[in-house]
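Below is one structure, written out as structure tokens; the observations come after it.
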Amino acid sequence: MSERVRHRRRTVLATLVSLAAATLLASAPPASAADTWTEVGSDRADPLTESQGLASVEVPANAANRYTGIGTIPGGLSSRGWNHVGDPDASYDGHYIEPYQRDSGTTKMFRVQSPGGGWSEYVHTLGSGEALNNSWAAVSPDGQWMLSGEWGTMNRLLVFPTPGVNPSTSPSANLPQVSTVRLDHDVRDVQGCDFSGPTRLLCSSDDPAGSLFGITKPLLQIDLSAEPNGASDVTGRVTALRQLPLRSSCSGTFEAEGIDYDRRTSTLRVIVVSPGFCVLTDSKTYRFNRS
């Protein structure tokens, strides 16, 4: 066989290998690819009842979206010191969960409404080094695990059995942290997260500095190495997708708040509170579609 023929065969073989690799890459699911979210509309966010968080509820059918704000805290809870409610979430079987914190102490609380309408309180005693803040709750698609986060600059998310859903939980027992999501990149002042798939979270960050990702108030995507299972830690790959909308008739500091992903419509919603007096007039819940 001549050297020219050998060279031609090597060239053909290399081309075939390259084409095969390209085909495999093209057909592989983009598990770690970042989505693009385009703003498609907005609604006024009431400063008293829609300024902290929001959740879409699938059960019962045609249930209204839920919101939290200082005006939604029951008097009985406030009188016991639970004076801050964060971004809620709802499991796919209809349990609705609100995260609460107070100004001092060693506990945080998750208030759960069952699909039948009854309320229960699940208290968590802080672990070593755990921050008091209880800004949000995000229930995994299988319903068994709930993620939560801490304020400030953090490199982790906390994993709990979902109160009221996971059979290991009880209002009369401490709600334990069972594992951790270890983030590959620091995040700051996360106000809410929601699952958009079994291993993907979308999160709203109120980061005022912009030094972590080059933008303030980013929409974050966190891709988990595996579904949370409560038995072992998983890692989370953090990507900043875009800056959240910062538009108002007033100038000053905006506050990014809670987030919700409605899997029925594939709509993402995020609350952004306007600065100064305009908190009363043009705070918005922004809607986004994946593009």
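The sequence shown maps to residues 5 to 295 in the working numbering. Think of the CB as a built atom: it goes at the ideal place given N, C-alpha and C, for glycine as much as any other residue.
Specify the secondary structure class of residue i as computed by DSSP and reduced to three states.
{"i": "T129", "result": "strand"}
{"i": "V242", "result": "strand"}
{"i": "T53", "result": "coil"}
{"i": "E261", "result": "strand"}
{"i": "T269", "result": "coil"}
{"i": "T76", "result": "helix"}
{"i": "V283", "result": "helix"}
{"i": "S215", "result": "coil"}
{"i": "S174", "result": "coil"}
{"i": "D188", "result": "strand"}
{"i": "A65", "result": "coil"}
{"i": "R274", "result": "This sequence places Val at residue 274; Arg is not what is there. DSSP places V274 in strand when its eight states are reduced to three."}
{"i": "L136", "result": "coil"}
{"i": "S95", "result": "coil"}
{"i": "A230", "result": "coil"}
{"i": "S183", "result": "strand"}
{"i": "A297", "result": "The requested residue 297 does not occur in the structure, where the chain is confined to residues 5 to 295."}
Output the boundary residues of the alpha helix (DSSP H) element that contains residue i.
{"i": "S83", "result": "79–83"}
In the DSSP output, which residue or residues are listed as bridge partners for residue i?
{"i": "D193", "result": "Paired residues: none, contrary to the question."}
{"i": "C207", "result": "C197, L224"}
{"i": "P103", "result": "F114"}
{"i": "V89", "result": "Y104"}
{"i": "A38", "result": "Note: A38 sits in no beta bridge, so no partner."}
{"i": "S124", "result": "V116"}
By the DSSP assignment, the beta strand (DSSP E) with residue i in it spans what residues?
{"i": "E43", "result": "41–48"}
{"i": "Y290", "result": "288–294"}
{"i": "Y71", "result": "70–72"}
{"i": "F164", "result": "157–165"}
{"i": "V143", "result": "141–143"}
{"i": "L248", "result": "No beta strand (DSSP E) holds L248; DSSP gives it neither H nor E."}
{"i": "L179", "result": "L179 -> no beta strand (DSSP E), and no H or E assigned at all."}
{"i": "L151", "result": "149–152"}
State yes or no: is the beta carbon of residue i nearer than 9 Å to at least one beta carbon in chain C?
{"i": "M113", "result": "Included in the structure is just one protein chain, with no chain C present."}
Sorry if obvious, but does the Cβ on residue i come closer than 8 Å to a heavy atom of the ligand NAD?
{"i": "C254", "result": "Among the ligands in the structure shown, none appear at all, so the ligand NAD cannot be discussed."}
Check your understanding: Does the segment 234–246 touch the segment 187–206, meaning 3 or more C-beta pairs lie closer than 8 Å?
Key -> Here the segment 187–206 lies against the segment 234–246, with 3 or more beta-carbon pairs under 8 Å apart.
Practice item. Count the C-beta pairs between the segment 202–216 and the segment 175–183 that are closer than 8 Å, then say yes if the count reaches three, no if not. Key: No: the two stretches stay apart, fewer than three of their Cβ pairs being nearer than 8 Å.
Check your understanding: Three or more C-beta pairs closer than 8 Å, one from the segment 132–143 and one from the segment 70–90: is that the case here?
Key -> Verdict: yes, contact present.
Practice item. Evaluate contact between the segment 279–289 and the segment 254–265, counting only Cβ atoms and requiring at least three cross-stretch pairs below 8 Å. Key: The count of Cβ pairs closer than 8 Å, one atom from the segment 279–289 and one from the segment 254–265, reaches three, so the stretches are in contact.
Review point. Are at least three pairs of beta-carbons, each pair with one atom in the segment 193–200 and one in the segment 147–155, less than 8 Å apart?
Key: In short, these stretches touch, since the Cβ pair count reaches three.
**Study point:** the segment 50–62 in contact with the segment 261–273 per 3-pair CB rule at 8 Å
**Key:** Contact holds between the segment 50–62 and the segment 261–273, because three or more Cβ pairs, one in each stretch, are under 8 Å apart.
Review point. For the 8 Å Cβ check, are there 3 or more pairs between the segment 165–173 and the segment 121–134?
Key: Contact holds between the segment 165–173 and the segment 121–134, because three or more Cβ pairs, one in each stretch, are under 8 Å apart.
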